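In what follows, a single structure is set out as structure tokens and then discussed.
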Amino acid sequence: MKIAIEITYLVSSILFIFGIKFLGSPKTARKGNLYAAIGMFLAIAATLLDQQVLTFEWIIIGALIGSIAGLIMAVKTPMTGMPQMVGMLNGFGGGASILVALSEYFKKNPNYPVDTGMPFNLPVNEGVAIILSILIGGVTFTGSMIAFGKLQGIVTGKVVRYPLQHPLNALLVLAVVVAGVFVVIDPTMMNLVLAISVISLLLGVLLVLPIGGADMPVAISLLNSYSGIAGSMTGFVLGNNELIIAGALVGASGIILTNIMCKAMNRSLMNVVLGGWANAGSASSSTSSTSSPKGDVKSIDSEELAMLLDSVSSVIVVPGYGMAVGQAQHAVRDLVNLLEKKGVKVRFAIHPVAGRMPGHMNVLLAEAQVPYDKLLAMEDINDDFNNTDVVIVIGANDVVNPAARHDQNSPIFGMPILNVDYAKTVIINKRSMNAGYAGIDNELFFYPNALMYFGDSKDAMTKLVNEIKNL
Amino acid sequence: MEEYMFLMHVYVFALAIFVGFELITKVPPTLHTPLMSGSNAISGITIVGAILSAGMEQFTISTILGLIAVAFAMINVVGGFLVTDRMLKMFKKK
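Next comes the structure, spelled out in structure tokens:
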């Protein structure tokens, strides 16, 4: 039986690998997800046959609660709420890891709950794995809950600072390491294990709280990676290869995404984790007020814009977080369909950090039935702005700020941006002239070829569609 | 023997990281959100450990921790796979 279970785990691991491989193309992605789901089903079935599993009632109760909660979340969460949902799922992954690690610790302790007087021998590698599982799982759990809160608007999306932020966190990490060493040397120190758990949970809160809303793509990716690594560590605790493999796959995925997000913001991971941008913003606030662009901002109303769009041949739409907040994706789709009917070539340019998580814009536009081959990544479309008639920027700001290219004093200097200012005309839809996340003025708004189209993204796009129809 | 097994696990871990890097660099940006929710579902594999804890003969604190862990992991498994499928259904070419 043991061999059969191990072989099932192997098959299941292979299914996970194929599942992720098929996620590499939109054509096969659904099949990939199904393969991974079958792999999961096999792993669960094999585990239920394990001779260690003697009672089923608690498993059934837990599985029912989890399945119902998961089902409700999967069905009810709107596409605009995907960042929150992924944030929360990261957390549950980490939470499961810390719980299993603690459970294993108590299981291995022969003097708990009844003192048998037997010595408690915990091999060093198991001890280390348990401590790491608790630490990473705990940080992932509470960190993800804070990230969820920030995305949902329950916790402030601003950069939060507290006194002695960095020394305090460093001290807490050190405390976990020291306590961990003691536990590995003498596993009977149960209070230290509990202390490590509490500190880890606290660390998750303290580490994610300072990260600002627009840095969430990085935070979510990083927590995604942690949840995988926590799973791998649990695999080391249990001596189970499948957990190690699945966790490593997820960990690698999160690290790659984190890296892509950091590059797209021209920032180091350290800078994001330590809540860096606000630093840069406050340091340069004195200089930026003097160098802030002056000049006239021209605005355009829906009627004029409809007329302008009547005589163009190519349009690129640049969506940002504002489109998600305004839930404007369907109105944008209507606009695109209308323009295409008139023979206009319309494409979308997606900046890697547009929105609140990797791929956020793509999912929203997919929901609005915009074909995915119309959505182009930054590097694939950036050279085309030169020969484009009109660019429509919807609720994006910092990712189209030309200061990133030339203003060495700008906090976003060096960040790769979409070259929307190279187009003949740039329409910027925004609710107001307020600065973007980086807290700096956008000189693009003052450019001679820029026209502001003020209003909530959904209202503005709906109005525009109606005006075009009335032409 | 114990050390040998541990080394084998490290071995598997290291190789799996490489496989992960190879596979995931090939996922296009348009699928990054489903990739994250799908990998959330896969990290629900901790359910294996949770079941072993919740299914022990004696009811101890380990059982209670295991019970909660089963619920957490199952949220990831069910929620993750379903929401990923819901998203992927929408991705259509012209």
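Line order of the protein sequences matches chains A and B. Be aware that the first sequence starts at 1, since it is given in the numbering used here, and climbs by one per residue. Be aware that the second sequence starts at 1001, since it is given in the numbering used here, and climbs by one per residue. Glycine is no exception: its CB is placed at the ideal position from the N, C-alpha and C atoms. Keep in mind that this is a model prediction, so the values were computed, not measured.
Residue 12 of chain A sits in a helix when the DSSP states are folded into three classes. Around the C-beta of residue 171 of chain A, fewer than 16 other C-beta atoms lie within 10 Å, and the residue is accordingly described as exposed. Membership of residue 1031 of chain B in any beta strand (DSSP E) is not indicated, and neither H nor E is assigned to it by DSSP. The beta-bridge partner set that DSSP reports for residue 393 of chain A consists of A/318 and A/428. Nearest Cα to residue 271 of chain A within the set A/210, A/320 and A/241: A/210. In terms of Cα proximity to residue 301 of chain A, the closest of A/53, A/121 and A/456 is A/456. Against chain B, a Cβ distance below 8 Å from residue 391 of chain A picks out nothing, because the smallest value is about 20 Å. Close to chain B, meaning a Cβ-Cβ distance shorter than 9 Å, are the following residues of the stretch 73-92 of chain A: 73, 74, 75, 77, 79, 82, 83, 85, 86, 88, 89, 90, 91 and 92.
Between the alpha carbons of residue 118 of chain A and residue 101 of chain A lies a distance of about 21 Å. DSSP, reduced to helix, strand and coil, places residue 346 of chain A within a strand of the structure shown.
In the DSSP assignment, residue 454 of chain A forms a beta bridge with A/430. A/362 is the residue among A/362, A/241 and A/391 whose C-alpha sits nearest the C-alpha of residue 1033 of chain B. The stretch 1016-1029 of chain B and the stretch 15-27 of chain A touch, with no fewer than 3 CB-CB distances between them shorter than 8 Å.
Cβ proximity to chain A below 7 Å picks out 1048, 1049, 1050, 1051, 1052, 1053, 1054, 1055, 1056, 1057, 1060 and 1061 from the stretch 1048-1061 of chain B.
Within chain A, no residue has its beta carbon less than 8 Å from that of residue 1001 of chain B; the closest one is some 11 Å off. Shortest Cα-Cα distance from residue 187 of chain A to any of A/123, A/70 and A/153 involves A/123. Residue 189 of chain A has its alpha-carbon roughly 8 Å from the corresponding atom of residue 182 of chain A. When secondary structure is reduced to three states using DSSP, residue 225 of chain A falls in the helix class.
By the neighbour-count criterion, in which 16 or more other beta carbons inside 10 Å mark a residue as buried, residue 1005 of chain B falls on the exposed side.
Taking a Cβ-Cβ cut-off of 7 Å, the neighbours of residue 106 of chain A in chain B comprise 1060, 1061 and 1062, given in sequence order. Residue 94 of chain A sits away from residue 154 of chain A, with the two beta carbons spaced by 9 Å or more. Residue pairing by DSSP puts residue 299 of chain A in a beta bridge opposite A/452. At least one CB of chain B lies nearer than 9 Å to the CB of residue 374 of chain A. In this structure the stretch 252-269 of chain A lies against the stretch 217-226 of chain A, because at least three pairs of beta carbons, one per stretch, are closer than 8 Å.
Secondary structure note for residue 207 of chain A: it is in no beta strand (DSSP E), and the uninterrupted alpha helix (DSSP H) holding it is 190-208. Between residue 322 of chain A and residue 430 of chain A, the C-beta gap is smaller than 9 Å, which places the two residues in contact.
Contact of residue 115 of chain A with chain B is not assigned, every C-beta pair being separated by 9 Å or more. In the same chain as residue 192 of chain A, and ignoring 5 residues on each side of it, the C-beta atoms closer than 7 Å to its own belong to 179, 182 and 183, in chain order. Residue range 375-377 is occupied by the beta strand (DSSP E) that includes residue 376 of chain A.
In the structure shown, residue 52 of chain A falls within a coil segment according to DSSP collapsed to helix, strand and coil.
Within chain B, no residue has its beta carbon less than 7 Å from that of residue 200 of chain A; the closest one is some 15 Å off. Distance from the CA atom of residue 1054 of chain B to the CA atom of residue 85 of chain A, rounded to whole angstroms, is 26 Å. Among the residues of chain B, those whose CB is under 7 Å from the CB of residue 47 of chain A are 1048, 1051 and 1052, following chain order. The beta-carbon distance between residue 80 of chain A and residue 364 of chain A, rounded to whole angstroms, is 7 Å. This is short enough to meet the 8 Å contact definition.
Under a 10 Å Cβ-count criterion, residue 161 of chain A is classified as exposed, with fewer than 16 other Cβ atoms of the shown protein chains found around its own Cβ. When secondary structure is reduced to three states using DSSP, residue 415 of chain A falls in the coil class, being assigned neither helix nor strand.
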